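*Asks:*
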Amino acid sequence: MLRFFGFADGRLLEHKLSADLLDYATSHTGWIDAQDTSDEERDRLEILLHTELPESDDVEEIESSARYFIDSSGIHVHSLFVTQSEGRMDTTTVAFILQPDRLITVREQELADFRLLRMRARRGQVEVRSPRHLLLTMFEQKVENLADTIEDLHHELEITSHKVLEETDTDLESAIDDLAALEDSNGKVRLCLMDTQRSISFLQRHLRDTQAAQEIIPEIIRDIETLMSHTTFLFDKINFLMGTTQGFINIEQNKIIKMFSIAAVVFLPPTLVASLYGMNFRVMPELDWVFGYPMAIGLMILAGITPYWYFKRKGWM
Numbered sequence: 001m002l003r004f005f006g007f008a009d010g011r012l013l014e015h016k017l018s019a020d021l022l023d024y025a026t027s028h029t030g031w032i033d034a035q036d037t038s039d040e041e042r043d044r045l046e047i048l049l050h051t052e053l054p055e056s057d058d059v060e061e062i063e064s065s066a067r068y069f070i071d072s073s074g075i076h077v078h079s080l081f082v083t084q085s086e087g088r089m090d091t092t093t094v095a096f097i098l099q100p101d102r103l104i105t106v107r108e109q110e111l112a113d114f115r116l117l118r119m120r121a122r123r124g125q126v127e128v129r130s131p132r133h134l135l136l137t138m139f140e141q142k143v144e145n146l147a148d149t150i151e152d153l154h155h156e157l158e159i160t161s162h163k164v165l166e167e168t169d170t171d172l173e174s175a176i177d178d179l180a181a182l183e184d185s186n187g188k189v190r191l192c193l194m195d196t197q198r199s200i201s202f203l204q205r206h207l208r209d210t211q212a213a214q215e216i217i218p219e220i221i222r223d224i225e226t227l228m229s230h231t232t233f234l235f236d237k238i239n240f241l242m243g244t245t246q247g248f249i250n251i252e253q254n255k256i257i258k259m260f261s262i263a264a265v266v267f268l269p270p271t272l273v274a275s276l277y278g279m280n281f282r283v284m285p286e287l288d289w290v291f292g293y294p295m296a297i298g299l300m301i302l303a304g305i306t307p308y309w310y311f312k313r314k315g316w317m
C-alpha cells in the first residue's frame with residue numbers, strides 16, 4: 001500500500017491518488033509511505049525515484065553502519081517502533097530515506113504512530129514545512145507515544161502491586177505472569193528509546209544547519225533521557241515485586257510443609273505406642289489385662305495431644 005502526502009501552508013495533507021497516477025505522485029508529494037507494498041508497486045517506485053528500497057532483512061540489521069548511513073539516495077535511518085500483537089508488545093523496524101525534496105518510509109505493518117499522524121493530518125494538526133521537519137516531527141510524536149505507553153505500564157504495575165502487597169486472596173502465580181509481561185513490555189519500550197536516541201544523535205550531526213533540528217532535537221533528547229530514567233524505575237519496581245511475590249509463594253509453601261511436619265510429629269508418639277503393642281511376643285503383661293486395650297488407646301491419645309499442646313504453647317502453630 002502506498003500513501004502520498006504533501007505540504008500546503010505549513011500543514012501536512014494526504015493526497016488520495018490511485019496507482020495510475022504514481023508518476024505524478026512521486027514528483028509532487030513530500031512524503032511517500034510504503035506499507036507492505038507488492039513487488040509491482042515496489043519495482044515501479046524504485047524506477048521512478050531512482051532509489052533502491054531496503055529489503056526486510058536489511059532493516060533488521062543491528063550494526064550502526066547498517067542502520068544509519070548516507071548514500072546517493074539520501075540519509076537513511078532505520079528505527080524501531082513499538083507495536084501491539086495479540087495483547088503483547090513487539091517491535092518492528094521502519095526505514096526512513098530522507099531526500100532534499102521528499103521523505104520515504106518503508107515498513108511491513110500498520111503502526112499506531114503512523115495511524116495517529118494520518119488522523120492528525122486530516123484534522124490539519126500537523127505543522128510541517130519540509131521533509132526534514134516531517135522526519136523530526138515523526139520522531140517527536142514517537143517519543144510522545146512511548147511516554148504514553150510508559151504511563152500505561154506504570155498504571156498496570158500499580159494495579160499488580162496493590163494485588164501483591166495488599167490483597168490477601170491474590171493468585172500469586174498469576175501475578176508473576178503479569179509482572180513478567182510488564183517486564184517484557186518495559187524492555188521493548190526501553191529498547192525503542194535507546195534506538196531513538198541513536199537515531200536522533202545521527203540526525204543531529206547531519207541536520208544541525210536546519211531550524212527545525214535546532215528547535216526539536218534538543219527537546220526530544222531531554223524527553224528521551226527522562227523516559228529512560230522512568231523505565232529504570234519500572235524495572236526496579238518490577239524486580240522488587242517479583243522478588244516479593246516469590247517470597248510470598250515460599251512462605252505459603254513453608255506453611256504447608258510446616259503443617260505436614262507438625263502432623264508427622266503429633267502422630268509419631270501414638271504410632272510408637274501402637275507399634276509396641278503390635279509386636280508378637282508371648283510374654284506381654286498387658287495382653288491379659290482387662291483394661292489393657294483402653295489403656296493403650298488412652299496412651300496414644302495422650303501421646304498425640306502432648307506435642308500438639310507443646311507446639312501451641314510455643315507459638316509454632
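Heads up, the sequence shown is in this note's numbering, so the first residue is 1 and it goes up one at a time.
Virtual Cβ for every residue (Gly too), placed ideally from N, Cα, C.
Computed from a predicted model, the values in this text were never measured in an experiment.
1) Is the distance from the Cβ of L179 to the Cβ of Q141 below 8 Å?
2) Are the stretch 56-71 and the stretch 32-46 in contact at 8 Å, needing three or more beta carbon pairs?
3) What three-state label does DSSP hand V143 in the structure shown?
4) Do you know how far the Cα of I221 is from the Cα of L13?
5) Tell me M89's beta-bridge partners as DSSP assigns them.
6) If you count every other CB in all the chains shown that lies within 10 Å of the CB of W309, and 16 or more means buried, which is it?
7) Would you grab the beta carbon distance between T170 and L241 for me? Rounded to a whole angstrom, and I think it's under 8 Å.
8) From F4, D33, S229, V273, pick the residue whose C-alpha is nearest to that of L191; which is it?
9) DSSP state of I62, grouped into three classes?
10) Looking only at its own chain, which residues have a Cβ that is under 8 Å from the Cβ of D36, when we skip the five neighbours before and after it?
11) Is A8 buried or exposed, if buried means 16 or more other CB atoms sit within 10 Å of its CB?
12) Measuring alpha carbon to alpha carbon, tell me which residue in N186, V164, R205 is nearest I70.
13) Using a Cβ-Cβ cutoff of less than 8 Å, which residues in the same chain neighbour D113 once the five nearest sequence positions on both sides are dropped?
14) Give me, in chain order, the residues of the same chain whose beta-carbon lies closer than 6 Å to that of D90; leave out the 5 immediate sequence neighbours on both sides.
15) With distance defined between alpha-carbon atoms, name the residue in F96, T271, D148 nearest to A66.
16) Go ahead and pull the three-state DSSP assignment for R107.
17) Please classify W31: does DSSP put it in a helix, a strand, or coil?
18) Would you kindly work out how many angstroms separate the C-alpha atoms of I75 and L135, rounded to a whole number?
19) Check for me: the alpha helix (DSSP H) holding D9 runs from which residue to which?
20) With contact counted as at least three CB pairs below 8 Å, one residue from each stretch, are the stretch 277-287 and the stretch 236-255 in contact?
21) Which class does Y310 belong to by DSSP, given the choice of helix, strand or coil?
22) For L53, does the three-state DSSP call read helix, strand or coil?
23) How long is the line joining the alpha carbons of L227 and F202, rounded to whole angstroms?
*Replies:* According to the structure shown:
1) no
2) no
3) helix
4) 28 Å
5) Q84
6) exposed
7) Contact doesn't hold; Cβ gap of about 11 Å is too wide.
8) S229
9) coil
10) M1, R107, E108, Q109
11) exposed
12) R205
13) F81, M138, Q141, K142, N145
14) T83
15) F96
16) strand
17) strand
18) 11 Å
19) Per DSSP, D9 belongs to no alpha helix (DSSP H) and is neither H nor E.
20) no
21) helix
22) coil
23) 20 Å
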